[in-house]
Amino acid sequence: MARLLDPNRRDARRRLLGGLDAEAFLARHWQRRPLLIRRAVDDIDDLPDRDALAALAARDDVESRLVEVVGGRWSMETGPFDRLPRRKRDWSLLVQGVNLHDERADRLMRRFDFVPAMRLDDLMISYATDGGGVGPHLDSYDVFLLQVAGRRRWRWRRGAARSARDRALVPGVPLKLLRHFAPTDEAVLEPGDMLYLPPSCAHEGVALGPCLTASIGFRAPSWNELSQQFLFDLAERSWPDGRPGDAGRPATDTPGALDETLLQAIVDRLARIRWSPRDVERFVGRHFSEPKPQVFFDPPAPRSVERFVRQAGKTGVRLDPRTIALYRGSRGYIAGDACDLPTHAGPALRRLIDHRRLDGSSTAAALAVPAARVLLHAWWSAGWIHFNDGASDAA
Ligand code: SIN
Ligand code: CO
């Protein structure tokens, strides 16, 4: 069933998507073809600027990169950076996960919530001097490139790069630069303009004077990564401790041959491994709600459940920008943890997860359910949720 959006949000979303509603955008463009959207966003002034980005790039809990091209030679360094280069041109600073540290960046990223939250990765912002960029490349994920300040010339090639030639990289460079980049399209983006690119679409953005660009990127874990992680979790949870034994074995005069007894024991044991769709769901929920590796939550000073309930019932609660929360039916997944959503509080808790905040009266209603008090108090105590604006978490 289509979700009903309030008219203001619907108009803002249409504007964000170049006049298309989310369904039309997803059907025509998502994972299929690029879309250039002029004046997609008209309120980007309050995003972090060059100095705010530089301050983020100086932190060791923030992922940042500096890319320079001097006389045709590319270099890349990873942060933290005490200061930015003095040179006037040909470098750019890229700061990953700005949404984790800046509520305005988080709010901007949430405008893309017509895609499930488990697919949303982060909002990166780059500051580039004239001529700066990261060269022609492919990304393995969908990305919206939003021009925040200044101008940048984007060139891209329609269609996914599939052939070995289209994917060939320049050897001996610290970045993955495409060797043969033959763009089909070009546009200069001004503040508020946005370019959507599907995965594996070759592109290059070059700054025309100092500029800021935000990239809203989506997660695209490979089958390899998913299956490895699933089997690892399964082994941790359900495989027995111990090891195959060897007691009473006969002597061998062919020591190079695989030991048949040991081999058979391993074959038998592995053949007994079973998992259910529920195990897979649990893995997916926990895996996709796992915070980024550099994220550490700040738990508030402890409060009793009763005191928490009194405050939360007045102000309501919201998710921390770093919290990824997901659900399926009555099961919730938050910050890599699985839990049961108490039946009578289920609708309110799912609303909190979908909209990332819940007002005071809905929170109070949910907190009438004893199991929900315990659950929300635990989330709050871990720093995963906070009281709504204006109310301090401090005791
Ligand atoms: C940038 O902002 O410089 C790079 C973004 C991208 O091409 O993915
Ligand atoms: Co890119």
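Add 323 to the 1-based position in the sequence shown for the numbering used here, that's all there is to it.
Beta carbons are placed, not taken as given, at the ideal position from N, Cα and C, and that holds for glycine.
Bear in mind that the values here come from a model prediction, so they are computed numbers and not experimental data.
Contact test: residue i Cβ vs the ligand SIN heavy atom, cutoff 7 angstroms
i    : result
D453 : no
H526 : yes
G579 : no
L417 : yes
S387 : no
S449 : yes
V457 : yes
L492 : no
T401 : no
L468 : yes
T536 : yes
Pairwise C-alpha distance: residue j and residue i
i    : j    : result
Y450 : P567 : 56 angstroms
L443 : D591 : 40 angstroms
R427 : D372 : 12 angstroms
I708 : G515 : 31 angstroms
F710 : W479 : 44 angstroms
V438 : E346 : 10 angstroms
D677 : R490 : 38 angstroms
L557 : A375 : 42 angstroms
A689 : D564 : 41 angstroms
P693 : A472 : 49 angstroms
P623 : E629 : 15 angstroms
L417 : R388 : 5 angstroms
K615 : T584 : 43 angstroms
R560 : Y464 : 31 angstroms
N547 : F555 : 12 angstroms
L509 : P533 : Strictly speaking, residue 509 in this sequence is Glu, with Leu absent from that position. Looking at the two C-alpha atoms, the distance is approximately 19 angstroms.
CB contact check: residue i to chain C, cutoff 8 angstroms
i    : result
G532 : The question asks about chain C, but that chain is absent: this structure has only one protein chain.
Whole-angstrom C-beta distance between residue j and residue i, which should lie under 8 angstroms
i    : j    : result
G636 : A687 : 4 angstroms
P665 : L642 : No, P665 and L642 are not in contact; Cβ-Cβ is about 18 angstroms, not under 8 angstroms.
V278 : R502 : The first residue shown for the chain is 324 and the last is 718, placing residue 278 beyond what the model contains.
F553 : F606 : 5 angstroms
Proximity test, residue i beta-carbon vs the ligand CO heavy atom, cut-off 7 angstroms
i    : result
D465 : no
D462 : yes
Per DSSP, the bridge partner or partners of residue i
i    : result
H460 : H526
T638 : None, per the DSSP bridge assignment.
H709 : R641
V293 : Examination of residue 293 is not possible in this model, given that the chain is present from 324 through 718 alone.
L698 : Its beta-bridge partners do not exist; DSSP assigns none.
Inset, instruction - Enumerate, from N- to C-terminal direction, the unbroken alpha helix (DSSP H) stretches of 4 or more residues contained entirely within the region 647-679. - result: The qualifying runs are 669-678.
Legend entry - Whole alpha helix (DSSP H) elements within the region 352-386, 4-residue minimum: If we require 4 residues or more, the alpha helix (DSSP H) runs fully inside the region 352-386 come out as 373-380.
Inset, instruction - Within the region 524-605, note down every full beta strand (DSSP E) run reaching 3 residues or more, in order along the chain. - result: Runs of the beta strand (DSSP E) lying entirely within the region 524-605, each at least 3 residues long, are 526-541 in chain order.
Legend entry - beta strand (DSSP E) runs contained entirely in the region 487-512, provided each spans 3 or more residues: Here the runs fully enclosed are 508-512.
Inset, instruction - Starting from the N-terminal side, write out each stretch of the beta strand (DSSP E) that is 3 residues or longer and does not extend beyond the region 394-418. - result: Counting only runs of at least 3 residues, the region 394-418 fully encloses the following beta strand (DSSP E) elements, listed from N- to C-terminal order: 396-401, 414-418.
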